[in-house]
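Here's the structure we're looking at; comments come further down.
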Amino acid sequence: MKQIHGLDVDPATDIAICCGQTEAFSAAMFAILNPGDEVILFDPSFETYETCILIAGGVPVYVALDPPYWTLDEVKLSNAFTAKTKALVLNSPHNPTGKVFNMDELGLIAEYCRTKDCIAITDEVYEYIIYDNEPHISLASLPGMQKRTIVTSSLSKTYSVTGWRVGWAIAPSCVAFAIRNIHTKVTDSAPAPFQEAAVTALKSPPEYYNSLREDYESKRDFVYKSLWKMGIHVDFKPSGSFFIFAALPETCKLTDVEFVEELIKQAGVVAVPGCGFFHTSNDSSENVTTYYNQYIRFAFCKSDATLTSAVQKMQQLVDASGHLKFL
Ligand SMILES: Cc1ncc(COP(=O)(O)O)c(C=O)c1O
């Protein structure tokens, strides 16, 4: 945190080691929420946040990001804040879209958190999987934000060890204390042998992170180009994470779920329907319902051989018009 974000963190008091980001996030919700507290989430978003907020007695409030580039609209953000707002969740790089929130957006979010006295919980699990030479900026590093931010992340994506279940929350000492308190009651401890291994992983040289990035960037480019060649025109090229969130063409008669079913049956290739990441908007003027079943999330965190084989299987279904035959 010091080296990359310039933040002083006391390892004895400001960190809670948990079973992955998933537990760190859930323990953070139990640590900060009182029943009825509202938590702002962006839509689409990673699916575990909503459930954790609800289990902890909180109320999720959604701010729709605007397709095709998933831009953040200040009016929508502003409208989401009420007297009950306790916290806001920021996941950047973002699952499912691959969006990396830019400095203007981070500045806006930070300004609202400061002026509305709101806690930010960041999910930075894709912090090292970021493309086109962009830096990863932690919201906690913006002026006045460290004292109101809970940073969560884990070993899972950076070291490709999702099964090890080692993650963390970094927060002001009183919040980190409360998170550790919940954590010890719920899971007692993250796996000790993997915490030992984490020490080695976290000392990896810069070349490790560069090669991780380059490797994923070439996979991203390969899958992105391949999808275009099959008639799946991806408007938004991801700047981070290992996902491509592709819109089905307007002419496609299938929903996202039907498309994925056909892809599995006909090509033996699996993708995730986008509807799992969208939520009914609290605001009836929102138009999320018009596009929530038109997106497919493709993951490229696989070997080059597996990706090439998946693309070949899909290409066999391309018809004379150059499109996947069931598009
Ligand atoms: C945005 C995001 N956060 C958290 C996780 C889970 O992380 P962990 O394995 O550390 O619990 C994932 C995994 O898919 C993810 O995409």
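Per the numbering used here, the very first residue in the sequence shown carries number 53; after that it's consecutive. Each residue gets a CB set at the ideal place from its N, CA and C atoms; glycine is no exception.
Please report how far the alpha carbon of residue i lies from the alpha carbon of residue j, in whole angstroms.
{"i": "T137", "j": "D184", "result": "35 Å"}
{"i": "V203", "j": "N131", "result": "25 Å"}
{"i": "A135", "j": "Y101", "result": "21 Å"}
{"i": "W220", "j": "H285", "result": "37 Å"}
{"i": "S333", "j": "V91", "result": "With a pLDDT of 49 at S333, under the threshold of 50, the predicted position of this residue should be treated as unreliable, though the coordinate-derived value follows. For S333 and V91, the distance between alpha carbons rounds to 14 Å."}
{"i": "D62", "j": "R200", "result": "16 Å"}
{"i": "V115", "j": "Q55", "result": "33 Å"}
{"i": "V141", "j": "Q247", "result": "26 Å"}
Taking 7 Å as the cut-off, does the CB of residue i come closer than this to any heavy atom belonging to ligand 1?
{"i": "T103", "result": "no"}
{"i": "S78", "result": "no"}
{"i": "E308", "result": "Per the sequence shown, the amino acid found at residue 308 is Asp instead of Glu. Because no heavy atom of ligand 1 lies under 7 Å away, the Cβ of D308 does not count as near it: no."}
{"i": "F274", "result": "no"}
{"i": "Q247", "result": "no"}
{"i": "F98", "result": "yes"}
{"i": "D175", "result": "yes"}
{"i": "Q318", "result": "no"}
{"i": "Q73", "result": "yes"}
{"i": "N147", "result": "yes"}
{"i": "T210", "result": "no"}
{"i": "S206", "result": "yes"}
{"i": "G328", "result": "no"}
{"i": "T239", "result": "no"}
{"i": "T214", "result": "yes"}
{"i": "G150", "result": "no"}
{"i": "G219", "result": "yes"}
{"i": "N262", "result": "no"}
DSSP on residue i, reduced to helix/strand/coil?
{"i": "S205", "result": "strand"}
{"i": "F330", "result": "coil"}
{"i": "N143", "result": "strand"}
{"i": "K151", "result": "coil"}
{"i": "A64", "result": "coil"}
{"i": "A299", "result": "strand"}
{"i": "W122", "result": "coil"}
{"i": "P325", "result": "strand"}
{"i": "I182", "result": "strand"}
{"i": "V370", "result": "strand"}
{"i": "G320", "result": "coil"}
{"i": "K168", "result": "coil"}
{"i": "T210", "result": "coil"}
{"i": "G292", "result": "strand"}
Could you check where the beta strand (DSSP E) with residue i kicks off and where it finishes?
{"i": "Y347", "result": "Y347 to A351"}
{"i": "A221", "result": "G219 to I222"}
{"i": "I92", "result": "E90 to D95"}
{"i": "V111", "result": "V111 to A116"}
State the start and end residues of the unbroken alpha helix (DSSP H) segment that holds residue i.
{"i": "D273", "result": "P258 to K281"}
{"i": "T103", "result": "T100 to I107"}
{"i": "I171", "result": "Careful: I171 lies outside any alpha helix (DSSP H), inside the beta strand (DSSP E) at I171 to D175."}
{"i": "P87", "result": "Counting along the chain, P87 falls outside any alpha helix (DSSP H), and DSSP gives it neither H nor E."}
Is any beta-carbon of chain D found at less than 8 Å from that of residue i?
{"i": "L117", "result": "Among the chains of the structure shown, chain D does not appear; only one protein chain is present."}
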